[in-house]
Amino acid sequence: MMFKHLFKLIWNKKKQNFLLMTEMLFSFLVLFAVFTLLVYYYDNYKKPMGFEYQNVWVVSYNNAYQTKNVDSLNTYYEILRKNIKAMPEVRELSFCSFNTPFTNNMSQGGMTYHQKRFDHINMYTAEDSYPATMNMQVLEGRWFNKTDVATKNKPIVINSDFKEQLFGKGKAVGQLIGNNDDKDKMRVIGVVQSIKMKGDYAPAGLGLYQRTDTGSFRWMGKIMVQVVPDASAAFEGRLYKTLANYMKNSNIEIEHLTNKRTSINYFTLVPMIVLSIVGGFLAINVALGLFGVLWYNINQRRGEIGLRRAVGASGNAVSSQLIYESMILATLSLIVGSFFAVQFPLLNVFDLSAGIYISAMLLAIVFIYLLVFVCSLYPGRQAAAIYPAVALHEE
Amino acid sequence: MLKNYFKIAIAVLRRRKFFTFISLFGISFTLTILLVLTAFIDKVVGDTYPDRKRDRSLYVTHLQESGKNAMNSSTLSYYFLSHFVASLKTPVKLGISSGYEGTNTYVNNKKLAVNYKYTNADYWDIMEYDFTEGKAFSKQQIDNADKVAVISEDMKRDYFGDIPSVVGKYIEADNVKYRVIGVVKNVPITSYNLYSDIYLPYTVSKTNFKSDHGYLGGFTAVLLAKSKADVPGMRDEYAAMMRRVPFQSKEYDKMYSRAEPYLQSYVNTGNESMSGVTIVLITIGIFVLLVTVLPTLNLVNINITRIMERSSEIGVRKAFGASSGTLVYQFLVENIILTLLGGLIGVVLSFIAIQVINSFHLIPNLVLSINFTVLGIGLLVCFFFGLLSGVYPAWRMSKLNVVTALKAQ
Chain A
441 MMFKHLFKLI
451 WNKKKQNFLL
461 MTEMLFSFLV
471 LFAVFTLLVY
481 YYDNYKKPMG
491 FEYQNVWVVS
501 YNNAYQTKNV
511 DSLNTYYEIL
521 RKNIKAMPEV
531 RELSFCSFNT
541 PFTNNMSQGG
551 MTYHQKRFDH
561 INMYTAEDSY
571 PATMNMQVLE
581 GRWFNKTDVA
591 TKNKPIVINS
601 DFKEQLFGKG
611 KAVGQLIGNN
621 DDKDKMRVIG
631 VVQSIKMKGD
641 YAPAGLGLYQ
651 RTDTGSFRWM
661 GKIMVQVVPD
671 ASAAFEGRLY
681 KTLANYMKNS
691 NIEIEHLTNK
701 RTSINYFTLV
711 PMIVLSIVGG
721 FLAINVALGL
731 FGVLWYNINQ
741 RRGEIGLRRA
751 VGASGNAVSS
761 QLIYESMILA
771 TLSLIVGSFF
781 AVQFPLLNVF
791 DLSAGIYISA
801 MLLAIVFIYL
811 LVFVCSLYPG
821 RQAAAIYPAV
831 ALHEE
Chain B
2 MLKNYFKIAI
12 AVLRRRKFFT
22 FISLFGISFT
32 LTILLVLTAF
42 IDKVVGDTYP
52 DRKRDRSLYV
62 THLQESGKNA
72 MNSSTLSYYF
82 LSHFVASLKT
92 PVKLGISSGY
102 EGTNTYVNNK
112 KLAVNYKYTN
122 ADYWDIMEYD
132 FTEGKAFSKQ
142 QIDNADKVAV
152 ISEDMKRDYF
162 GDIPSVVGKY
172 IEADNVKYRV
182 IGVVKNVPIT
192 SYNLYSDIYL
202 PYTVSKTNFK
212 SDHGYLGGFT
222 AVLLAKSKAD
232 VPGMRDEYAA
242 MMRRVPFQSK
252 EYDKMYSRAE
262 PYLQSYVNTG
272 NESMSGVTIV
282 LITIGIFVLL
292 VTVLPTLNLV
302 NINITRIMER
312 SSEIGVRKAF
322 GASSGTLVYQ
332 FLVENIILTL
342 LGGLIGVVLS
352 FIAIQVINSF
362 HLIPNLVLSI
372 NFTVLGIGLL
382 VCFFFGLLSG
392 VYPAWRMSKL
402 NVVTALKAQ
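Chains as they are written, first to last, in the numbering used here: chain A, 441 to 835; chain B, 2 to 410.
What follows is the structure, given as structure tokens:
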């Protein structure tokens, strides 16, 4: 009954209310966008990193040693490995493919399991010592070892995200998955915790690890080196000289994963901060506008409010009526806004999980309600303070 | 008449200080966002240091080969540029340079991260780097594979410290000693095709670029035409050349590479099915729309409120014979004065914002500034704002009935 009456009041001022509602609708959409991004980043942030980057350095080299002979190629790099490992500051090292953590390098491919295709799988190639170098967690089965050389199906290790997609809660070890055209079957021998390769705020993505083989040294260009916690710049200089003197034709670069993590996070954080500031100011802008309009409306309706007070409505009843009115306005625009927002998970626009959109939507709805409530609180109080005698006298 | 409107506008603004504050806040803040955005874009793509001959240059940055099952896209090889592109007739110069790559050097037990880049001699003829001392390497030095280097001011300070001259001194990078022959002013990393700490002759590279006959590699090129008028011809000649280039393997049946103006090459995604220009325009468009729509709606709301408040004034003026047109005109003028005032505050705010952003050194050597282009755009935006947020309320106002307007009070 009361709501019906309130709707009538809103309808009577539809022109002015329409503009207010459009404004609320747009602020909802902006907030929805900002919150989606924030929720998405936060969701990624609270997942584990998957490895310890603190004391790991990445050595990049290229064009080091050209030979057709596989044996001499392997000997060449085994000597290098011994030389590096002989340094007391080095704990462990592993040669690997160029898609190392916190770089933009990617190598992706597709796999097939039970006729279902999986795309955008990150393909990593690494040695037996890789988990020890990175302090990775093996969740199921095992990592590669020497026994994996001659097996009928090529052994692979997958990350936990990929396992989840392939087998859900089921067992992964021992399963066979096929390559692009489902021909070469590969056997899963282990599952490792997913690594957030693109920094704290990015998803880990699907990952598949292959063991290095005899020819891998031809194209690999990265060495992950785990050093002792107090390794100094002087040691780094020594390591650099050792590498550069051994690989005379190569360009060498040593980078620390801690620095690389900071800089890759920076690229997500800066846009996020800028967007939050812009979103925040837009919200303030809208709040001020709402406040002004509501305040003015109440001054316009002094006669009506005075009359209500005169026939016995309490101050609280008057102020809650005004708050209800603006809340109904907000609800109407939120219904329209949610209709637009809900299309994102339904049409799967940006490949984010529905949960992220829904939490962002709820956050935006709560935020708008709060904003409208706070903005109508003071004008409502003011209305409650109107004395019927004074207000009616003005007419 | 205008002077009168101006007086009225100021009086109205002073009467309702809270509404004035809301309007000014909305306008000035929106303008600040837009001005900082334009300053950024203007700096990143509009700054012509060091390639001042942009209007007669075309840039070649990508080559894509694609077939049924394979797609490969990257920057180009030295072989491709020196073999195919160098055969073009229109360009008077062909600057070839590698993308910057990282290495380390260690001075006094301190590590320095160094980006280096290989160039040919034409590169230095096309680019107009500001040399604070010394000069670029010559064709002779490149042919001799002299170990010489041009370094940036930042590199000079980091490696040698605060000394006046470093020409003739040696800098060690990548375990090789190079003789410094020139120091240039810094280029921000956002000009990613021209930025580097150390510039080296391509002949001193440890990789022999000439032996590799693949098409894809780490190089980009700048083609310089004799005059502005020759640029379209140069682009067509490049396209004609691309049609003659044989495929590298049977896997591919299409090959794309274009000589483009700076802006297109800057946002080239390297993927033919996805134009970088479109993506950038859409992103900026959506952002600007969101940032401007809300404050405009807000202004419209506030403006309507204000007019209703002045209904008695409007009633009186109408009763004395003012036409709707006059009233609309007056209100628009008032609104534009308000927005321009907000614009002024906005410019001051952007100035402060830009100083703050600069002091953070978010991107080294990228110093934003408000220039006349940015200021002009800002004023234009303000004017547009004033019209947009004033038209509807003014129309509502002119529709007011004289009797109701007078009675309302």
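Note that the Cβ used here is the ideal one computed from N, Cα and C, for glycine as well.
Residue 43 of chain B and residue 293 of chain B look like a contact to me (Cβ under 8 Å); what is the Cβ gap, rounded to whole Å?
Numbered from its first residue, the second sequence carries residue 43 of chain B at position 42. Numbered from its first residue, the second sequence carries residue 293 of chain B at position 292. A Cβ-Cβ separation of about 19 Å leaves residue 43 of chain B out of contact with residue 293 of chain B under the 8 Å criterion.
For residue 114 of chain B, which residues does DSSP report across the bridge?
Reading the second sequence from its first residue, position 113 is the one you call residue 114 of chain B. Paired residue(s): B:105.
Partners in chain B for residue 773 of chain A, counting only beta-carbon separations shorter than 9 Å
Sequence index remark: in the first sequence, residue 773 of chain A carries index 333 (1-based). Going along chain B, no residue has its Cβ under 9 Å from residue 773 of chain A, so there is no contact; the nearest lies around 12 Å.
In the structure shown, what three-state DSSP assignment does residue 599 of chain A receive?
Taking the first residue of the first sequence as 1, we reach residue 599 of chain A at position 159. It is a strand residue.
Using the Cβ count rule (16 or more neighbours within 10 Å means buried), how would you classify residue 636 of chain A?
Translated into positions along the first sequence, residue 636 of chain A becomes position 196. Around the C-beta of residue 636 of chain A, 16 or more other C-beta atoms lie within 10 Å, and the residue is accordingly described as buried.
For residue 101 of chain B, count the other beta carbons within 10 Å of its own beta carbon; 16 or more makes it buried, fewer makes it exposed. Which is it?
In the second sequence, residue 101 of chain B corresponds to position 100, counting from 1. Per the 10 Å Cβ criterion, buried.
Take residue 614 of chain A as the anchor and find which of A:686, A:726 and A:597 has the nearest alpha-carbon.
Translated into the one-based positions of the first sequence, residue 614 of chain A becomes position 174. Shortest Cα-Cα distance from residue 614 of chain A to any of A:686, A:726 and A:597 involves A:597.
Which residues of chain A have a Cβ atom closer than 7 Å to the Cβ of residue 277 of chain B, listed in chain order?
Stepping through the second sequence from its first residue, residue 277 of chain B is reached at position 276. Near residue 277 of chain B there are no residues of chain A at all, since even the closest Cβ is about 16 Å away, more than 7 Å.
Please classify residue 466 of chain A as buried or exposed, where buried requires at least 16 other C-beta atoms within 10 Å of its C-beta.
Sequence index remark: in the first sequence, residue 466 of chain A carries index 26 (1-based). Result: buried.
Any heavy atom of the ligand MN closer than 6 Å to the Cβ of residue 776 of chain A?
This structure lacks the ligand MN, and indeed carries no ligand of any kind.
List, in chain order, every chain B residue whose beta-carbon is nearer than 9 Å to that of residue 692 of chain A.
Counted from its first residue, the first sequence places residue 692 of chain A at position 252. The answer, in chain order, is 104, 105, 175 and 176.
Across the stretch 158-174 of chain B and the stretch 26-38 of chain B, are there enough close Cβ pairs to call them in contact, namely three or more that are closer than 8 Å?
Short answer: they don't touch.
Let me check understanding here. Comparing Cα to Cα, which of A:642, A:645 and A:606 lies closest to residue 628 of chain A?
Position 188 of the first sequence, counted from the start, is the residue given in the question as residue 628 of chain A. Ranking the options by Cα distance to residue 628 of chain A, first place goes to A:606.
Residue 183 of chain B and residue 151 of chain B: beta carbons closer than 7 Å?
What you label residue 183 of chain B is simply residue 182 of the second sequence in a count that begins at 1. What you label residue 151 of chain B is simply residue 150 of the second sequence in a count that begins at 1. Yes, the pair counts as a contact, with Cβ atoms nearer than the cut-off.
Would you list the residues sitting across from residue 558 of chain A in a DSSP beta bridge?
Sequence index remark: in the first sequence, residue 558 of chain A carries index 118 (1-based). Per DSSP, A:551.
Does the stretch 549-557 of chain A come within contact of the stretch 580-587 of chain A, defined as at least 3 CB pairs closer than 8 Å?
Taking 8 Å as the limit for Cβ pairs, the verdict is that the stretch 580-587 of chain A does not touch the stretch 549-557 of chain A.
Could you spell out the range, first to last residue, of the beta strand (DSSP E) harbouring residue 235 of chain B?
To locate residue 235 of chain B, count along the second sequence from 1; it is residue 234. Per DSSP, residue 235 of chain B belongs to no beta strand (DSSP E); it is in the alpha helix (DSSP H), 232-245.
Three-way DSSP call (helix, strand, coil) for residue 126 of chain B in this model:
Residue mapping note: residue 126 of chain B aligns to position 125 of the second sequence, counting from 1. Secondary structure at residue 126 of chain B: helix, using DSSP grouped into helix, strand and coil.
Within this structure, are the beta carbons of residue 343 of chain B and residue 25 of chain B separated by less than 7 Å?
Residue 343 of chain B sits at position 342 when you count from the first residue of the second sequence. Residue 25 of chain B sits at position 24 when you count from the first residue of the second sequence. Closer than 7 Å, so yes.
Let me see if you follow: with CB-CB separation under 7 Å, is residue 495 of chain A close to chain B or not?
Counting from 1 along the first sequence, the entry for residue 495 of chain A is found at position 55. It does not; no Cβ of chain B falls within 7 Å.
Quick check: the Cα distance between residue 406 of chain A and residue 761 of chain A, rounded to an integer number of angstroms?
Beyond the ends of chain A as shown, which are 441 and 835, falls residue 406 of chain A; an answer cannot be given.
Kindly confirm or deny that the stretch 651-669 of chain A and the stretch 143-158 of chain B touch, where touching means at least three C-beta pairs closer than 8 Å.
With the cut-off at 8 Å, the stretch 651-669 of chain A and the stretch 143-158 of chain B do not touch.
Count the other CB atoms within 10 Å of the CB of residue 393 of chain B; is the residue buried (16 or more) or exposed (fewer)?
Translated into positions along the second sequence, residue 393 of chain B becomes position 392. Result: exposed.
Between the C-alpha atoms of residue 706 of chain A and residue 499 of chain A, what's the straight-line distance to the nearest angstrom?
Numbered from 1 along the first sequence, position 266 holds the residue referred to as residue 706 of chain A. Numbered from 1 along the first sequence, position 59 holds the residue referred to as residue 499 of chain A. Rounded to the nearest angstrom, the two C-alpha atoms are 22 Å apart.
Selected residue, minimal CA-CA separation from residue 803 of chain A, among A:448, A:452, A:456 and A:477
If you number the first sequence from 1, residue 803 of chain A lands on position 363. With distances taken between CA atoms, residue 803 of chain A lies nearest to A:477 out of A:448, A:452, A:456 and A:477.
What residues from chain A crowd round residue 207 of chain B, counting only those whose CB sits closer than 9 Å?
Locating residue 207 of chain B in the second sequence gives position 206, counting from the first residue. In chain order: 502, 503, 688, 689, 690 and 691.
Assign residue 63 of chain B to one of two classes, buried (16 or more other C-beta atoms within 10 Å of its C-beta) or exposed (fewer than that).
One-based indexing of the second sequence puts residue 63 of chain B at position 62. Result: buried.
Output, in sequence order along the chain, the residues in the stretch 20-36 of chain B whose CB is closer than 7 Å to any CB in chain A.
Contact residues of the stretch 20-36 of chain B toward chain A are 20, 23, 26, 27, 30 and 34 (C-beta to C-beta distance below 7 Å).
Going along the chain, which residues of the stretch 356-383 of chain B sit with their C-beta nearer than 7 Å to a C-beta in chain A?
When CB distances to chain A are screened at a threshold of 7 Å, the residues of the stretch 356-383 of chain B falling below it are 363, in chain order.
On the CB-based measure, 16 or more other CB atoms within 10 Å of its CB, does residue 331 of chain B come out buried or exposed?
As a first step, residue 331 of chain B must be located in the second sequence, where it is residue number 330. By the Cβ neighbour-count rule, residue 331 of chain B is buried, with 16 or more other Cβ atoms within 10 Å of its own.
Along the chain, where does the alpha helix (DSSP H) containing residue 275 of chain B start, and where does it finish?
Within the second sequence, numbered from 1, the residue matching residue 275 of chain B stands at position 274. Counted as a single uninterrupted DSSP element, the stretch harbouring residue 275 of chain B is not any alpha helix (DSSP H), since DSSP gives it neither H nor E.
CB contact check: residue 736 of chain A to chain B, cutoff 7 Å:
As a first step, residue 736 of chain A is located in the first sequence; it is residue number 296 there, counting from the start. Yes, because at least one Cβ of chain B sits closer than 7 Å to the Cβ of residue 736 of chain A.
Does chain B have any CB closer than 7 Å to the CB of residue 680 of chain A?
Residue 680 of chain A sits at position 240 when you count from the first residue of the first sequence. It does: the Cβ of residue 680 of chain A has a partner Cβ on chain B nearer than 7 Å.
Give a yes or no on contact between the stretch 719-737 of chain A and the stretch 786-798 of chain A, applying the rule of three or more CB pairs nearer than 8 Å.
By the C-beta criterion, the stretch 719-737 of chain A is judged not to be in contact with the stretch 786-798 of chain A, since fewer than 3 inter-stretch pairs fall below 8 Å.
Based on the DSSP secondary-structure assignment, which residues constitute the bridge partners of residue 30 of chain B?
On the second sequence, residue 30 of chain B is found 29 positions in, with the first residue counted as 1. Beta-bridge partners assigned by DSSP to residue 30 of chain B: none are found.
Pair within 7 Å by beta-carbon distance, residue 204 of chain B and residue 127 of chain B
Looking up residue 204 of chain B in the second sequence gives position 203. Looking up residue 127 of chain B in the second sequence gives position 126. Pairing residue 204 of chain B with residue 127 of chain B gives a Cβ-Cβ distance that is not under 7 Å.
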